[in-house]
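One structure is given here, and the rest of the page talks about it.
Number of protein chains: 2
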Amino acid sequence: MKCKVCKADAVVSLPSHNTAFCKEHFTKFYLKLVSEGIRKRSLLERDDKVLVALSGGKDSLGLMYALSELGYDVTGLHIDLGIFESSQKARAVVEDFCRDKGYPLKVVELEKEGVPMPLIKKHIRRPICSICGKFKRHYFNKVALEDGYTALATGHNLDDEVARLFANTLRWDQAYLSDQGPVLPAENGFAKKVKPLFRVSEFESANFSFLMGIPYHHLPCPYSGGASFTGHKLLWRDLELRSPGSKRAFYKGFLDRGQPAFAAIAQDEKSNEVKPCIECGCPTSAVTCNVCRLKEQLRQSIEESGK
Amino acid sequence: MKCKVCKADAVVSLPSHNTAFCKEHFTKFYLKLVSEGIRKRSLLERDDKVLVALSGGKDSLGLMYALSELGYDVTGLHIDLGIFESSQKARAVVEDFCRDKGYPLKVVELEKEGVPMPLIKKHIRRPICSICGKFKRHYFNKVALEDGYTALATGHNLDDEVARLFANTLRWDQAYLSDQGPVLPAENGFAKKVKPLFRVSEFESANFSFLMGIPYHHLPCPYSGGASFTGHKLLWRDLELRSPGSKRAFYKGFLDRGQPAFAAIAQDEKSNEVKPCIECGCPTSAVTCNVCRLKEQLRQSIEESGK
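Given below as structure tokens:
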């Protein structure tokens, strides 16, 4: 197969775009996917100070690299979850990557915050992935706001977004369907959140990081017991094979024609006010935020187990 | 496995309802699915005069039988498509069924109307299934209105509805999503249309007709080249296997929380007026209706081929 642009040997074939590229033109194609997505859906302004959440996986590192190449002011943020060897490896990958590329990096250590995931898992009997997500979002938002970043970027790719949208659509979850998209504007004490890889498939993202020589962390979390959405991702793999471009069409169609319908009926219902948490100041619709409540639960559980 | 109600040996197992039934209690269960659906979504009034579209398949014959058992005033309507042996067999099945059960039956013969499907297929180069659907809907509506029926019932089951809803959702087709449901009220010269089997799965429908001893026609149309929606139906079979009840939850969720969102934004746009076709009087947004235009195309093509 030949590169669509220069007719050199192609290294990546993309049936969903009905094309193939050499390394150079795939890189350009990838960066264009990202920059056009940012422009078309108004994700970032040129003067945004962007905090990029870096897990150490292919998506987040590729995103950091792409945003930097596109000229954005980027700083990495890694949350060290404190899950033994797994977290050490992920952190080392992120630190090495940022050092090599000269990117500024911030690290939040949940161990130092008193809430490493192993301790939470031991004391709080609720699905750990969901709690871990809450803590990550909490610290992403906190760092972004406290340190003056105007946007928080995460590496969710098209496959992530489609799997999530599909799950929300199967349930016709009005609240999620009215909100889901590649940009959530800053409001109520939350920083603006953007997903600049929303047009990039998992396959394209993996190829980009591989071709750019980014050494990413690819072991699953020891607590996850298999990736989330696996069933739906397989279903979409089959749909995409039968009809290349299905994922993109589904997600784009949603943004153009689905989300607006749900956003219109949701406006009336968005009255539950958000105030600062009395403990930490982060926005919450309750008196204390989710994370502060979890911390309190943890404190009590530790106290009781010590008796 | 035992019947959930009477503990006799079960003849039908229904994972999606987490239950199993003997013949007697499955029949009751099926009739309750139908009658509750009719009541909950306001499909029919007690005094409706119902015209039931009878193709001769398991769904339409089962529907006729169920509506009659539930005490509705029903008349069958069969459209003889004129497709050689296939149509003769289907018609014989319908006629025998209605004679045996004592149901009134009307038959429209497309041959007599000058538009048998083989002639159309020969002269009009467009997908025959789509044209056939237009003709069937045209005559269903025409007979219902001219003969004073207040509702037109079709045998679309849950699997049909889910496959169609899924296709419309993948495209986020606002017009279809604002309209799709088990009832379309009478308006603009169209009779009320209802789908009383919208809560009955294909499997349940097949079991009902089998257990009631209804001898249905089960050969695919020789023109169809395989059923429509096959890919999506397979996908949903897998989803349902992984998570029984998914189909029902998806369709019910749509009716409760999806359709209203699209209906709300569609209201502004429903301004394209419907007037009677100047040829046949049937409602159309053009000057002559779809079917009259196709008839004219056919007439011209026959004339030209005769030259």
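Taken in order, these protein sequences are the chains called A and B. Going by our numbering, the first sequence opens with residue 1494, and the numbers climb by one from there. Going by our numbering, the second sequence opens with residue 1494, and the numbers climb by one from there. Just so it is clear, CB atoms sit at the ideal spot from N, CA and C, and this is done for glycine as well. Everything numeric in this text was worked out from a predicted model, so none of it was measured.
Identification of residues in the segment 1739-1764 of chain A having a C-beta nearer than 8 Å to some C-beta of chain B yields Ser-1739, Ala-1742, Phe-1743, Gly-1746, Phe-1747, Asp-1749, Arg-1750, Gly-1751, Pro-1753, Ala-1754, Phe-1755, Ala-1757, Ile-1758, given in sequence order.
Under the DSSP assignment, B:Glu-1796 falls in the alpha helix (DSSP H) whose first and last residues are 1783-1799.
Under a 10 Å Cβ-count criterion, A:His-1649 is classified as buried, with 16 or more other Cβ atoms of the shown protein chains found around its own Cβ. Around B:Arg-1735, the beta-carbon contacts reaching into chain A at under 8 Å are Gly-1724.
Proximity of A:Arg-1657 to chain B, defined by a Cβ-Cβ separation below 9 Å, is not satisfied. A residue is called buried once 16 or more other Cβ atoms fall within 10 Å of its Cβ, and B:Arg-1692 is buried on that count. Taking 7 Å as the cut-off between beta carbons, the residues of the segment 1660-1688 of chain A near chain B are Thr-1662, Leu-1663, Arg-1664, Trp-1665, Gln-1667, in sequence order. Fewer than three pairs of CB atoms, one per stretch, sit closer than 8 Å, so the segment 1569-1578 of chain B makes no contact with the segment 1659-1670 of chain B. Residue-level contact check: A:Leu-1732 touches chain B, since one or more beta carbons of chain B fall below 9 Å from its beta carbon. Taking A:Glu-1588 as the centre and dropping the five residues before and after it, the same chain places the C-beta of Leu-1598 closer than 7 Å to its C-beta, in chain order. Contact fails between the segment 1726-1740 of chain B and the segment 1697-1706 of chain B, because fewer than three Cβ pairs, one in each stretch, are under 8 Å apart. Contact of B:Leu-1603 with chain A is not assigned, every C-beta pair being separated by 9 Å or more.
Residue contact check for A:Leu-1563 against chain B: no CB pair falls below 9 Å. Note on geometry: alpha-carbon atoms of B:Val-1543 and B:Leu-1526 lie some 19 Å from one another. A Cβ-Cβ separation of about 18 Å leaves A:Val-1784 out of contact with A:His-1571 under the 8 Å criterion. Within a 10 Å sphere around the beta-carbon of A:Gly-1751 sit 16 or more other beta-carbons, which makes this residue buried.
By the 16-neighbour rule on beta-carbons within 10 angstroms, A:Ile-1531 is buried. The CB of A:Leu-1728 comes closer than 8 Å to the CB of Leu-1728, Asp-1731, Leu-1732 in chain B, given here in chain order. Between the alpha carbons of B:Arg-1730 and A:Gly-1706 lies a distance of about 41 Å.
Taking C-alpha positions only, A:Lys-1629 is separated from A:Ala-1756 by approximately 26 Å. In the displayed model, B:Gly-1569 falls within a strand according to three-state DSSP. The segment 1617-1629 of chain B makes contact with the segment 1787-1795 of chain B; the number of CB pairs closer than 8 Å reaches 3 or more.
Note on geometry: alpha-carbon atoms of B:Gly-1799 and B:Gly-1724 lie some 41 Å from one another.
Under DSSP, B:Glu-1680 shares a beta bridge with B:Phe-1683. In summary, B:Ala-1585 is exposed, with fewer than 16 beta-carbon neighbours lying within 10 Å of its beta-carbon over all protein chains present. Excluding sequence positions up to five before and after A:Leu-1712, its CB lies within less than 8 Å of the CB of Ser-1579, Lys-1582, all in the same chain and listed in chain order.
In the structure shown, A:Ala-1646 adopts extended strand secondary structure according to DSSP, grouped into three states. Per the coordinates, the alpha-carbon of A:Phe-1659 lies some 36 Å from the alpha-carbon of B:Val-1498. Within the DSSP secondary-structure output, A:Lys-1599 pairs in a beta bridge with A:Leu-1570. When the five nearest sequence neighbours on each side are left out, the beta carbons in the same chain lying within less than 6 Å of the beta carbon of B:Pro-1678 are those of Lys-1685, in order along the chain.
Burial state of A:Asp-1652 is buried, judged by a 10 Å Cβ sphere holding 16 or more other Cβ atoms.
Three or more beta-carbon pairs drawn from the segment 1561-1570 of chain A and the segment 1535-1551 of chain A are found closer than 8 Å, and the two stretches are therefore classed as touching.
In this chain, the beta strand (DSSP E) harbouring A:Leu-1544 covers 1542-1546.
About 7 Å separates the beta carbons of A:Ala-1668 and A:Ala-1759, which is inside the 8 Å limit, making them a contact pair.
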